[in-house]
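In the working numbering, the protein residues as written are 524 to 919.
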């Protein structure tokens, strides 16, 4: 049986907000949370980065909205990617980039919030690209929402809340395992910047590895015989992870494919980007049967048994690597780049290979646990999506 549908505007009043004059100090530093898009990173809102005073509330366009209001960002650069939605759990004021939905007694606020979040892909299509991306409020008011009895709304909310809670616990567990790996590295090898354990130094990366840049897009092939092959771009190479959701292909000669072909345990490092991301890289594990890499991605292939791949990945990604690359990089307008000479000159630490291998083994054991958590998180995500789809399609 399908639940009947109503327009959001028929069951909720939409109210806007504003900003107290910035040059009036008496309007700020009070006890009233003043919510802006920067605060919309949590599902439940009880506080904000900035508080205002009663005077600021009374002398501006902002207004106090009650607990259990549905907060939606309607104007912000983030609307290119997502529709931030949250529930106020305390009285809060909002700025002009937000709308608050005050729900009638016919509808559960959390149900409305979940519905709007589920409809984010549709709402994103409404966004108008301007100096401040926004979408028409009238369209939000006209959005049709299934309206089962309140008891059913509460049941749906309870199921989604429980699934969300389990998802949050899985994500927290994965994050703890990630931080545990960092702790293991520091415990086994010490601070790689100060080297308190006195590991041998004086050997550079170029002495123990072959480092090459990759294939250049748009190069002249002059009628040479080519074939299509996948290649990794900068976006594919993350910090100790690969993002293979989109892998592009390129025409390359057999000579190029042979030269740039990736093999297991090649360390991939990005040439540049944001200064804090210099030295970003990860190991290749033969995720694709054949793959080459772009010229903005360096490939480091070890040719010495003095260094283990996993240790090298963590050493370059450590603060030792970040400090070195920041000192060495060329920086222009917020973008930093490193070149082949700088990468070859990276100063290594050389703990005993046996210790490096022990570190790799401990990492492998942790990774097996993380895989289980990620698999569980994937199942929870599927369950969450299924429940959302059934509930907001109007099925009962």
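For each residue, glycine too, the CB sits at the ideal point set by N, CA and C.
Measure the alpha-carbon distance for residue i versus residue j and round it to whole angstroms.
i           : j           : result
residue 836 : residue 608 : 38 Å
residue 873 : residue 830 : 7 Å
residue 919 : residue 584 : Because residue 919 sits at a pLDDT of 45, beneath the cut-off of 50, its placement in the model cannot be relied upon, and the following sentence gives the value as read from the coordinates. Residue 919 and residue 584: Cα-Cα distance of roughly 41 Å.
residue 819 : residue 541 : 45 Å
residue 563 : residue 900 : 23 Å
residue 537 : residue 648 : 21 Å
residue 782 : residue 776 : 10 Å
residue 692 : residue 779 : 46 Å
residue 845 : residue 766 : 21 Å
residue 786 : residue 821 : 13 Å
residue 543 : residue 560 : 16 Å
residue 875 : residue 690 : 40 Å
residue 854 : residue 756 : 21 Å
For residue i, is the classification buried or exposed, using 16 other Cβ atoms within 10 angstroms of its Cβ as the cut-off for buried?
i           : result
residue 817 : buried
residue 715 : buried
residue 842 : exposed
residue 637 : buried
residue 827 : exposed
residue 864 : exposed
residue 823 : buried
residue 651 : exposed
residue 741 : exposed
residue 871 : buried
residue 797 : exposed
residue 598 : buried
residue 615 : buried
Shorter than 7 Å, the distance from the beta carbon of residue i to the closest heavy atom of the ligand GTP, or not?
i           : result
residue 689 : No copy of the ligand GTP occurs in the structure displayed, which carries no ligand at all.
Quick test of your reading: residue i and residue j, contact by CB under 8 Å. State the CB separation rounded to the nearest angstrom.
i           : j           : result
residue 825 : residue 732 : 5 Å
residue 840 : residue 795 : Rounded, the Cβ-Cβ distance is 16 Å, inconsistent with contact.
residue 621 : residue 595 : 7 Å
residue 882 : residue 707 : 7 Å
residue 736 : residue 753 : Incorrect: roughly 18 Å between the Cβ atoms, too far for contact.
residue 911 : residue 724 : Actually they do not touch by this definition, with Cβ atoms about 54 Å apart.
residue 530 : residue 664 : 6 Å
residue 682 : residue 643 : The pair is not a contact, with the Cβ atoms about 19 Å apart (cut-off 8 Å).
(request) Indicate whether the contact test is met: 3 or more Cβ pairs, each with one atom in the stretch 700 to 711 and one in the stretch 559 to 569, closer than 8 Å. (result) The stretch 700 to 711 and the stretch 559 to 569 do not touch, with fewer than 3 CB-CB distances between them shorter than 8 Å.
(request) Report the residue ranges of all beta strand (DSSP E) runs contained in full by the stretch 586 to 641; include only those spanning at least 3 residues, in chain order. (result) Inside the stretch 586 to 641, DSSP marks whole beta strand (DSSP E) runs of 3 or more residues at positions 593 to 596, 608 to 611, 615 to 617 and 621 to 626, from first to last along the chain.
(message) I'd like to know if the stretch 590 to 606 and the stretch 624 to 636 are in contact, where contact means that at least 3 CB-CB pairs between them fall below 8 Å.
(response) yes
(request) Flag this pair as touching only if the stretch 888 to 902 and the stretch 717 to 724 have three or more C-beta atom pairs under 8 Å; answer yes or no. (result) no
(message) Restricting to runs no shorter than 4 residues, where is the alpha helix (DSSP H) found entirely within the stretch 650 to 734?
(response) If we require 4 residues or more, the alpha helix (DSSP H) runs fully inside the stretch 650 to 734 come out as 660 to 665, 673 to 712 and 728 to 731.
(message) Quick check: the stretch 668 to 681 against the stretch 526 to 534, are at least 3 beta-carbon pairs closer than 8 Å?
(response) Proximity of the stretch 526 to 534 to the stretch 668 to 681 meets the contact definition, three or more beta-carbon pairs being nearer than 8 Å.
(message) Threshold first: 3 residues or longer. Then list the beta strand (DSSP E) segments lying entirely within the stretch 814 to 847, N to C.
(response) As summarised for the stretch 814 to 847, the continuous beta strand (DSSP E) elements at least 3 residues long and confined to that stretch are 820 to 825, given in chain order.
(request) May I have a chain-ordered list of the alpha helix (DSSP H) segments no shorter than 4 residues that lie completely inside the stretch 851 to 876? (result) 863 to 867
(message) I want to know whether the stretch 759 to 769 touches the stretch 730 to 746 - three or more CB-CB distances under 8 Å.
(response) no
(message) I want to know whether the stretch 542 to 562 touches the stretch 575 to 582 - three or more CB-CB distances under 8 Å.
(response) yes
(request) Would you list, in sequence order, the uninterrupted alpha helix (DSSP H) runs of no fewer than 4 residues that lie entirely inside the stretch 735 to 786? (result) 777 to 783
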